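Inspection log for the structure reproduced underneath, given as structure tokens.
Numbering (the UniProt record's numbering), first residue to last: 1 to 215.
Printed below as a string of structure tokens:
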């Protein structure tokens, strides 16, 4: 039995030199420098901790049952300046927008002194540190948890137990709010509290859209 000879077809393009033959064996990409965390930010107003005072109108206050807008406008003009705030009227509220966090603090301070009914949102760096304690028995009083955390050096704002959404029975879960300082983050390192083995986690964010509670 004779072997069949295989035929090879040599194309003209196969005789051309490869375009990769002249490249070096090792290719070194240019160094990548990470941009600064403050790059591109306007720092005219300084920083509050690690959070810059943003210049866009994110600081908002909602005033209800206001009877004299002219008096409020004249007072805020003296405190902030005429171009540092603006008003917007809605069906239920008068909305005050300020240019930065510093101006918002001054507005809130004035509204508190005048006993006006208003609603505001705290900046992110002023929000409390939130944590969830798991595997702590539901029969433990909230006061005992606050005392134990205070003895460990935490500045506790409040502690709330979780309830089952349907049966309303208590769960072995507790929500803890601490002062917004750097040392409060150490609560996530706790593994034992009140002689109980625990786990401390960050709250889980809801994946559902926010729901209006007016109706």
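Beta carbons are placed, not taken as given, at the ideal position from N, Cα and C, and that holds for glycine. Predicted model only: the values in this text are computed from it and were never measured.
Original post:
CA-CA distance, residue 143 and residue 78?
Top reply: 46 Å
Original post:
Does the Cβ-Cβ distance between residue 112 and residue 98 come in under 7 Å?
Top reply: Taking 7 Å as the Cβ cut-off, residue 112 and residue 98 do not qualify as a contacting pair.
Original post:
Taking buried to mean at least 16 other C-beta atoms within 10 Å of its own C-beta, is residue 129 buried or exposed?
Top reply: buried
**OP:** Could you please give the first and the last residue of the uninterrupted beta strand (DSSP E) stretch that includes residue 113?
**Re:** Residue 113 -> not in any beta strand (DSSP E); alpha helix (DSSP H) instead, spanning 101–113.
**OP:** Would you mind working out which of 69, 114, 85 sits nearest residue 102, comparing C-alpha positions?
**Re:** 85
Subject >> Rounded separation between residue 91 and residue 105 - CA only >> reply: 25 Å
**OP:** Rank 178, 151, 138, 176 by C-alpha distance to the C-alpha of residue 168 and give the top, closest one.
**Re:** 138
**OP:** Spatial neighbours of residue 217 within its chain, please: CB distance less than 7 Å, with the 5 preceding and 5 following residues excluded, ordered by chain position.
**Re:** Residue 217 lies beyond the stretch modelled for the chain, which goes from 1 to 215, so this question has no answer here.
Original post:
Cβ atoms of residue 162 and residue 173: under 7 Å apart, would you say?
Top reply: yes
Subject >> Whole-Å CB distance - residue 94 paired with residue 69, under 8 Å assumed >> reply: Yes, residue 94 and residue 69 are in contact; Cβ-Cβ is about 7 Å, under 8 Å.
Original post:
beta strand (DSSP E) containing residue 71: first to last residue?
Top reply: That residue, residue 71, is in no beta strand (DSSP E); its alpha helix (DSSP H) goes 69–79.
**OP:** Report the partner residues of residue 176 according to the DSSP bridge assignment.
**Re:** 131, 159
Subject >> Span of the alpha helix (DSSP H), counted from its first residue to its last, around residue 150 >> reply: 142–151
Subject >> Buried versus exposed call for residue 184 [16 or more other C-beta atoms within 10 Å across all chains shown] >> reply: Taking a 10 Å sphere around the C-beta of residue 184, we find 16 or more other C-beta atoms and assign the residue as buried.
Subject >> Cα-Cα separation, residue 135 to residue 115 >> reply: The C-alpha of residue 135 lies about 43 Å from the C-alpha of residue 115.
Original post:
Helix, strand or coil: how does DSSP classify residue 206 here?
Top reply: coil
Original post:
Near residue 158, what residues of its chain come up, given a Cβ to Cβ distance below 6 Å and the 5 sequence neighbours on each side ignored?
Top reply: 177
**OP:** Could you check which residue in 89, 100, 132, 208 has the C-alpha nearest to that of residue 262?
**Re:** There is simply no residue 262 to check, as the chain begins at 1 and stops at 215 in what is shown.
Original post:
How should residue 197 be labelled, buried or exposed, when 16 other C-beta atoms within 10 angstroms of its C-beta is the threshold for buried?
Top reply: exposed
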